[in-house]
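So for the sequence shown, this note's numbering puts the first residue at 59; every next one is plus one. Everything on this sheet refers to the single structure shown next.
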Amino acid sequence: MSYYLRNIFIALVLAIAVPSSLGGDWNIMTKPEVEKYLSDLCSQTNNTDYCLNLVESEVNGSNNTTILSVALFALDSAKETVDKVHEDLERSYNETKDANLKNKYLQCSYNYNDAIRNFELVKKTFSNGDCEHILHRIDDTVEDVNRCSREFSDYSFEEGYLNWMTNNEFRTRLEFLRAATINWAGVLLS
Numbered sequence: 059m060s061y062y063l064r065n066i067f068i069a070l071v072l073a074i075a076v077p078s079s080l081g082g083d084w085n086i087m088t089k090p091e092v093e094k095y096l097s098d099l100c101s102q103t104n105n106t107d108y109c110l111n112l113v114e115s116e117v118n119g120s121n122n123t124t125i126l127s128v129a130l131f132a133l134d135s136a137k138e139t140v141d142k143v144h145e146d147l148e149r150s151y152n153e154t155k156d157a158n159l160k161n162k163y164l165q166c167s168y169n170y171n172d173a174i175r176n177f178e179l180v181k182k183t184f185s186n187g188d189c190e191h192i193l194h195r196i197d198d199t200v201e202d203v204n205r206c207s208r209e210f211s212d213y214s215f216e217e218g219y220l221n222w223m224t225n226n227e228f229r230t231r232l233e234f235l236r237a238a239t240i241n242w243a244g245v246l247l248s
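Written out as structure tokens, the structure reads:
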């Protein structure tokens, strides 16, 4: 329960911290508008249906959905997923006896630490509306994830413990975050 309260608190603080003078459409969307907006954003990912399955019920549960709240949701959900993957990497590192695999898990853990740091910087940057910096950090995070994937590109997963489905979820959430941020930036600049 406290985890959800923390996320709600963070989202509220960020929403309050973004000055209304930044411009943009802060109007609350109707349910059909939210569904179309999410569909449009997910169509910019590599797997539209998978993206919609991930985000639709999570976002549609809110009665106060705006373009900004969707961008903040995307950030929080991507951060939550990166935390899960990082925990999987640490657990896998501790469970394996294979030195080569242990090293790969450690290298990926470093990459995901970088991703966590990037998300913390993105949260701070949302409040000042620096969309270019946010997109740069998201792209850095994508590269961190790609470096991790390359660590395992030539390795048999028979001995691995990492849940790679979570990694696919994270990639989709990153693509969704990028699309939501670009759209938010477009509204800010209009």
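Using N, Cα and C, we set each Cβ at its ideal position, and we do this for glycine too. A quick note: this is a predicted structure, and the numbers were derived from the prediction, not measured.
Query raised in the report: With a CB to CB cut of under 8 angstroms and the five nearest residues on each side skipped, what residues in its chain are close to N122?
Result: I86
Requested in this report: Throw me the rounded Cβ distance for the L99 and A238 pair, which I believe falls under 8 angstroms.
Outcome: 6 angstroms
Query raised in the report: What is the DSSP secondary structure of S102, counted as helix, strand or coil?
Result: According to the sequence provided, residue 102 is Gln. The question's Ser does not apply to it. DSSP places Q102 in coil when its eight states are reduced to three.
Query raised in the report: Can you tell me whether N226 is buried or exposed, with buried defined as 16 or more other CB within 10 angstroms of its CB?
Result: exposed
Query raised in the report: Cα-Cα, which of A136, D156 and L164 is closest to D146?
Result: L164
**Report entry** Assigned secondary structure, T154 (DSSP; H/G/I helix, E/B strand, else coil)
**Finding:** coil
Query - Exposed unless 16 or more other CB atoms sit within 10 angstroms - verdict on R208 - result: exposed
Query raised in the report: So I192 and V180 are in contact, right, with Cβ under 8 angstroms, and what is the actual spacing, rounded?
Result: 5 angstroms
Query - Proximity winner among P90, F177 and T106, relative to T139 (alpha-carbon distances) - result: F177
**Report entry** Beta-carbon gap between L116 and S135 smaller than 8 angstroms
**Finding:** According to the sequence shown, residue 116 is Glu rather than Leu. Cβ atoms of E116 and S135: closer than 8 angstroms.
Query - Cβ shell of K160 (< 8 angstroms), same chain only, five flanking positions each side left out - result: Y151 and T154
Requested in this report: Please state whether DSSP places D146 in a helix, a strand or coil.
Outcome: helix
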